[in-house]
Structure formats: structure tokens, C-alpha cells
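Enquirer: Can you keep this structure in mind? I'll have questions shortly.
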Amino acid sequence: MKKDIVIIGGGAAGMAAAISAYDEHTDILIIEREGILGGILNQCIHNGFGLHMFKEELTGPEYANRFIDELKKLPIDIMLSTTVLDIRKDDLFHLTMTSEIHGYVQVDAKAVIISSGCYERTRGAIMLPGERPKGIMPAGSAQRYLNMEGYLVGKRIFILGSGDIGLIMARRMTLEGAKVLGVAEIMPYSNGLTRNVVQCLHDFDIPLYLSHTVTDIIGHDVLEKITIQQVDSQFNVIAGTEKTFEVDTLLLSIGLIPDIALFDGISMKKSPITKSAVVDQTLMTDIDGLFVCGNALHVHDLVDWVSEEGKKAGFYAKSFVHKTKKTTPFYQEVQRSPLIRYTVPQLIDYHQTEKLITLSFRVTQKMEKGIFKVMQNDQMIISKKASHIVPAEMETINFSLDDLKSKDPITLILEEIQ
């Protein structure tokens, strides 16, 4: 089987990429390992989606169905319940897949878009101390059990980590009759959106223990108790601050990691911070024709932004496939000040015909008021003021290649406004 573009992952980013990439001259295939399109949206039955994309508030399944309905109007091939086993690259990409419907399949493609989403960190990733009883699981797994399978995983709940999914599950479990005793976060600030802290914790009187972590788990067969303690600025446990809770379930909301392990075999350049590919402003990696978008590239706050990124990846993948004359790229790495944790894209191709660039980034610490500046050779290219700047919320800044004075590297900095 031969295709122009293969999209791996049929969630928000993958569907948006397919719709954006489609025209009558482009043959597209979406590969999705689940039996339905929509990705993680299918288990997110709470509202709050679509405010930017559709200017109305939707649930996760409603948001996904907007894109599914668009896909149904287009002659785009979709393979559900299909897992990509291997990917290789020479002049083309060669994908090996297995499917309960289609069997063992091999596909050749001119371009590949990775939109495979992300997965949750587990207790092993943070070396959680104590015994290993039943009743400890990622918050996303508990969400799937409850919203899709109809099982409440516990009655007395504690949540470690204040990522958005943990905050949302604190509210969801409360609404289903469970008692959520608290949320502990090792950082001195929440790692979720402010609106989720307010709507999911404050509105339900669920305590948030900042600068706290779980230091002991008690229970031989099933979880019986947990102990949390306060930590200092170096994350050392402070003696005498122990708090013990009798619980039957500990949910973990301790971070998300882009799911791109499949592509280790093709040696694309990766960022140690985002744990995903290094890309330029077209979302293409250092491997020609390989694009990454959505949570497979970096973890987003809103699904609307995931879809926007998917659209961009689809547009540029189509441009790559149909480009008759390949230009030689001229890359410069985006530099950043210590207050900027990472940027996406990490590279700027100065020979790109597309001039508009959107830098997405996160900061390393809270700041009440600040100004972001894009600098080149000590000259300010563009600036943007912001308030209530927090690491948990992604920021963006837009500029054009035409704004730059030369082909020297640019630097993104953050300065505090007193």
C-alpha cells in the first residue's frame, strides 16, 4: 500500500492534520490503535473544550465528533484497531502494522505525521516509597474506568500531583460520591490551569497541599494509609510535618510524557526537556518528511491548541509532499533565558517561505507581571506583556521572519515588571 501522508494517531491533532492536509491530489491514511477516533477526548466527558476553536463549550466527545463529522465528508482512509510495529526510512517511510481487521500490513509513505499523544508517568518514575498494594493508579486510568467502563475505583481518595487530569478527577470522584481527602503537589505552585484549581478544588472544598509529597504507603494487600510531608526549596523532606490519611485509593497526576518510543529506530533528534522531537517552524523534525504535533510534540493545556497545531502539521506535510523543488534549509537554534524552560519550535529555518512563526513556551517560575522579548543581536524584535505567569500555563508569542534583521540566532527572554 502506498500513501502520500500517513498520520499515526486519530485524536484531536491527527484528525485536524488530516482535514488540513486533504485535497484531491493527496492520498491520506489515519492509523488509530483504538476502535474509534477521538483519542483521549472520548474519556473526557466534562465540558470546557472548544472555547477557542468553536467559540462554545463542549464535552470531549462532542469536540471529537465535530472533527469526525468533517472527516466523514472526505475520502480519507482510516484504519482503526491498528498498531504500528515498526517504521523505517530511506527515500520513503516504510511502516509495518498489525490490525485485528486488516491483519499484517505494510505501507509506504512520502510523509508521516506523528500525533500519537502522550502517556502518564507512573509511580516507578518518581520512586514512590512504601509498600506496593492495590489501589494506586494514574488518574487517567481511573478516569477511563469511571467515564467509559462505569467503575468507581475507590471511596476514600488522595491525589498526588496537581496536573489538570488530577484536578479534574478530584471533582469527578466527588460528584460520584467518593471522598477526596486532598491533593499533594511537590512544587510550591499547582501544575494545573488556574481555572481547574478553582472549579475542581476550591468549589468542592478539597484541600491542596503545596510543597508536599507522599513519603509512605501503608497496606500489605490493599492500600490502607498514606503519609505526606512538606518539602523545602530543595525538595528535601521536612521532619515533623507528617500528615497521615486513611485511604483506599491513591491517584497519580505526576506528569505526561510524549508517546514517541516507536520512532527510536529512526534516530530523530530529541529535546531532553520536552522528551520529544526537535522541530522547526513547520513542525518537521531533522528527518525530511517526518512531522510531529499535538501532545506527541509537547504537552498542551487546551485541546483547541492541539488541533491548531495539527492543522499546521497537515498543511506543511502536504506542502512537503507536493514540493517540486527542495530548498536547502538554514537552521538556527532558538536561544532562551534561564526563566524560559523550553520553546517549540526549537529551530528556525531562515530559508522557509512561510514567514509567520509562533513560539510556544513555558516558564520556570511564577511571576505576577512580566514582559517576553524576542531579541536578535541585542535588538528587540517583538515584545509581549503578560500577568499571572505560571509554569503550568503555556505562553505564545508571534513574529515574522521579515521582522528579523539577519540570519543570526534569536533569543527569547522574560523580564519581570515591578
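Just so we're aligned: 356 in the working numbering is position 349 of the sequence shown, and the numbers increase by one with no gaps anywhere. Even glycine gets a Cβ: it sits at the ideal position worked out from N, Cα and C. Quick caveat: nothing in here was measured; it's all calculated off a predicted structure.
DSSP three-state call for Phe337: helix, strand or coil?
Expert: Counted from its first residue, the sequence shown places residue 337 at position 330. DSSP places Phe337 in coil when its eight states are reduced to three.
Enquirer: Which word fits Leu257, buried or exposed, when buried means at least 16 other C-beta atoms lie within 10 angstroms of its C-beta?
Expert: As a first step, residue 257 is located in the sequence shown; it is residue number 250 there, counting from the start. The residue is buried, with at least 16 neighbouring Cβ atoms inside 10 Å.
Enquirer: Check whether the stretch 237-248 and the stretch 163-177 touch, using three or more Cβ-Cβ pairs below 8 angstroms as the test.
Expert: With the cut-off at 8 angstroms, the stretch 237-248 and the stretch 163-177 do not touch.
Enquirer: How close, in whole Å, do the beta carbons of Leu48 and Ala19 come, if the pair is a contact with beta carbons under 8 angstroms?
Expert: For the purposes of this step, residue 48 is taken as the residue at position 41 of the sequence shown. For the purposes of this step, residue 19 is taken as the residue at position 12 of the sequence shown. That belief holds up - the Cβ atoms of Leu48 and Ala19 are roughly 6 angstroms apart, short of 8 angstroms.
Enquirer: Out of Ser218, Tyr349, Leu153 and Phe337, which one is the CA nearest neighbour of Pro279?
Expert: Along the sequence shown, read from residue 1 onward, the residue named residue 279 stands at position 272. Pro279 has its Cα closest to that of Tyr349, out of Ser218, Tyr349, Leu153 and Phe337.
Enquirer: Using the three-state DSSP reduction, which class does Glu361 fall into: helix, strand or coil?
Expert: The residue given as residue 361 occupies position 354 in the sequence shown. Three-state result, Glu361: coil.
Enquirer: Rounded C-beta distance between Gly142 and Val229? I'm assuming under 8 angstroms.
Expert: On the sequence shown, position 135 is the one that residue 142 refers to. On the sequence shown, position 222 is the one that residue 229 refers to. At roughly 6 angstroms, the Cβ-Cβ gap stays under 8 angstroms, so Gly142 and Val229 are in contact.
Enquirer: Report the three-state DSSP secondary structure of Glu316 (helix, strand or coil).
Expert: Your numbering for residue 316 matches position 309 in the sequence shown. Correct three-state label for Glu316: helix.
Enquirer: Using only alpha-carbon positions, find the residue among Ile404, Tyr29 and Leu92 that is nearest to Ser390.
Expert: As a first step, residue 390 is located in the sequence shown; it is residue number 383 there, counting from the start. Ser390 has its Cα closest to that of Ile404, out of Ile404, Tyr29 and Leu92.
Enquirer: Would you mind giving the Cβ-Cβ distance between Leu87 and Glu41, rounded to the nearest angstrom? I have them listed as a contact below 8 angstroms.
Expert: Residue numbering aside, residue 87 sits at position 80 when the sequence shown is read from its first letter. Residue numbering aside, residue 41 sits at position 34 when the sequence shown is read from its first letter. 7 angstroms between Cβ atoms; contact.
Enquirer: Name the residue from Thr334, Lys10, Ile224 and Phe379 whose alpha carbon lies nearest to the alpha carbon of Glu361.
Expert: The residue you call residue 361 lines up with position 354 of the sequence shown. Ranking the options by Cα distance to Glu361, first place goes to Thr334.
Enquirer: Less than 7 angstroms separating the beta-carbons of Ala324 and Ile120?
Expert: Within the sequence shown, residue 324 is the residue found at index 317, counting from 1. Within the sequence shown, residue 120 is the residue found at index 113, counting from 1. Result yes, Cβ atoms of Ala324 and Ile120 sit closer than 7 angstroms.
Enquirer: What does a CB cutoff of less than 6 angstroms around Thr248 pick up in its chain, not counting 5 residues either side in sequence?
Expert: For the purposes of this step, residue 248 is identified with residue 241 of the sequence shown, where counting begins at 1. Excluding residues within five positions, the ones whose Cβ falls inside 6 angstroms are Gln236 and Gln237.
Enquirer: Ignoring anything shorter than 4 residues, give me the alpha helix (DSSP H) runs that lie fully in the stretch 143-222, in order along the chain.
Expert: List check, alpha helix (DSSP H) in window: 146-151 and 171-182.
Enquirer: Classify Tyr29 as buried or exposed, calling it buried when 16 or more other Cβ atoms lie within 10 Å of its own Cβ.
Expert: For the purposes of this step, residue 29 is identified with residue 22 of the sequence shown, where counting begins at 1. The residue in question, Tyr29, is buried, as its Cβ has 16 or more Cβ neighbours within 10 Å.
Enquirer: Identify which residue in Thr331, Val328, Gln353 and Pro345 has its Cα closest to the Cα of Gln339.
Expert: Start at 1 with the first residue of the sequence shown, and residue 339 comes out as number 332. Measuring from the Cα of Gln339, the nearest candidate turns out to be Gln353.
Enquirer: Is the distance from the Cβ of Val190 to the Cβ of Ile166 below 7 angstroms?
Expert: Here residue 190 corresponds to residue number 183 of the sequence shown, with the count starting at 1. Here residue 166 corresponds to residue number 159 of the sequence shown, with the count starting at 1. Yes, the pair counts as a contact, with Cβ atoms nearer than the cut-off.
Enquirer: Taking Phe74 as part of the alpha helix (DSSP H), name the residues at either end of that continuous run.
Expert: Your numbering for residue 74 matches position 67 in the sequence shown. Looking at the DSSP string, the run of the alpha helix (DSSP H) that includes Phe74 is Gly67 to Lys79.
Enquirer: How far does the alpha helix (DSSP H) with Ser240 in it extend, from its first residue to its last?
Expert: Taking the sequence shown and counting its residues from 1, one reaches residue 240 at position 233. Here Ser240 belongs to no alpha helix (DSSP H), and DSSP marks it neither H nor E.
Enquirer: Which runs of the alpha helix (DSSP H) spanning at least 4 residues fall entirely within the stretch 341-407, listed in chain order?
Expert: None, since the stretch 341-407 contains no complete alpha helix (DSSP H) of that length.
Enquirer: Whole angstroms is fine: what's the gap from His209's alpha carbon to Glu315's?
Expert: For this step, residue 209 is matched to residue 202 along the sequence shown. For this step, residue 315 is matched to residue 308 along the sequence shown. Taking the straight line from one Cα to the other gives about 31 angstroms.
Enquirer: In whole angstroms, what is the alpha-carbon distance linking Asn203 and Asp308?
Expert: As a working note, residue 203 is residue 196 in the sequence shown. As a working note, residue 308 is residue 301 in the sequence shown. Straight-line Cα distance between these residues: approximately 11 angstroms.
Enquirer: Between the C-alpha atoms of Thr129 and Ser148, what's the straight-line distance to the nearest angstrom?
Expert: Residue numbering aside, residue 129 sits at position 122 when the sequence shown is read from its first letter. Residue numbering aside, residue 148 sits at position 141 when the sequence shown is read from its first letter. Distance between the alpha carbons of Thr129 and Ser148: 11 angstroms.
Enquirer: Compare the Cα-Cα distances from Met401 to each of Gln342, Thr331 and Val313 and report the closest residue.
Expert: Taking the first residue of the sequence shown as position 1, residue 401 is located at position 394. Checking every option, the nearest Cα to that of Met401 belongs to Val313.
Enquirer: I believe Gly421 touches Ser367 by the beta-carbon criterion, under 8 angstroms. Please report the beta-carbon distance rounded to the nearest angstrom.
Expert: One-based indexing of the sequence shown puts residue 421 at position 414. One-based indexing of the sequence shown puts residue 367 at position 360. In the sequence as displayed, the identity of residue 421 is Leu instead of Gly. No, Leu421 and Ser367 are not in contact; Cβ-Cβ is about 14 angstroms, not under 8 angstroms.
Enquirer: Here's the rule: buried if 16 or more other CB atoms are within 10 angstroms of the residue's CB, otherwise exposed. What is Ile43?
Expert: Taking the sequence shown and counting its residues from 1, one reaches residue 43 at position 36. When all chains shown are included, Ile43 counts as exposed.
Enquirer: Just to confirm, is the Cβ distance from Ala303 to Ser413 under 7 angstroms?
Expert: On the sequence shown, residue 303 is found 296 positions in, with the first residue counted as 1. On the sequence shown, residue 413 is found 406 positions in, with the first residue counted as 1. No, they are not a contact pair.
Enquirer: Please report the straight-line C-alpha distance between Lys319 and Ile52, rounded to a whole angstrom.
Expert: Walking along the sequence shown from the start, residue 319 turns up at place 312. Walking along the sequence shown from the start, residue 52 turns up at place 45. Distance between the alpha carbons of Lys319 and Ile52 is about 27 angstroms.
Enquirer: To which residues does DSSP link Asn54 through a beta bridge?
Expert: Position 47 of the sequence shown, counted from the start, is the residue given in the question as residue 54. Answer is Thr66.
Enquirer: Look at the Cβ atom of Gly199, then the Cβ atom of Ser169, and state whether they are nearer than 7 angstroms.
Expert: If you number the sequence shown from 1, residue 199 lands on position 192. If you number the sequence shown from 1, residue 169 lands on position 162. Result yes, Cβ atoms of Gly199 and Ser169 sit closer than 7 angstroms.
Enquirer: Asp271: beta carbon under 6 angstroms from a heavy atom of the ligand ADP?
Expert: The model depicted lacks the ligand ADP and carries no ligand whatsoever.
Enquirer: Using 8 angstroms as the Cβ pair cut-off and three pairs as the minimum, do the stretch 177-197 and the stretch 219-233 touch?
Expert: Taking 8 angstroms as the limit for Cβ pairs, the verdict is that the stretch 219-233 does touch the stretch 177-197.
Enquirer: Below 7 angstroms between beta carbons: does that hold for Ile37 and Gly67?
Expert: Position 30 of the sequence shown, counted from the first residue, corresponds to residue 37. Position 60 of the sequence shown, counted from the first residue, corresponds to residue 67. No.
Enquirer: Do Arg178 and Gln50 have their CB atoms nearer than 7 angstroms?
Expert: Looking up residue 178 in the sequence shown gives position 171. Looking up residue 50 in the sequence shown gives position 43. No, the pair does not count as a contact, with Cβ atoms beyond the cut-off.
Enquirer: Return the CA-CA distance between Thr201 and Ile396, expressed in angstroms with no decimal places.
Expert: Numbered from its first residue, the sequence shown carries residue 201 at position 194. Numbered from its first residue, the sequence shown carries residue 396 at position 389. Cα to Cα, the separation comes out at about 11 angstroms.
Enquirer: Which same chain residues, not among the five before or five after Gly161, have their C-beta less than 7 angstroms away from its C-beta?
Expert: For this step, residue 161 is matched to residue 154 along the sequence shown. Taken in chain order, the residues that qualify are Gly142, Ala185, Asp255 and Thr256.
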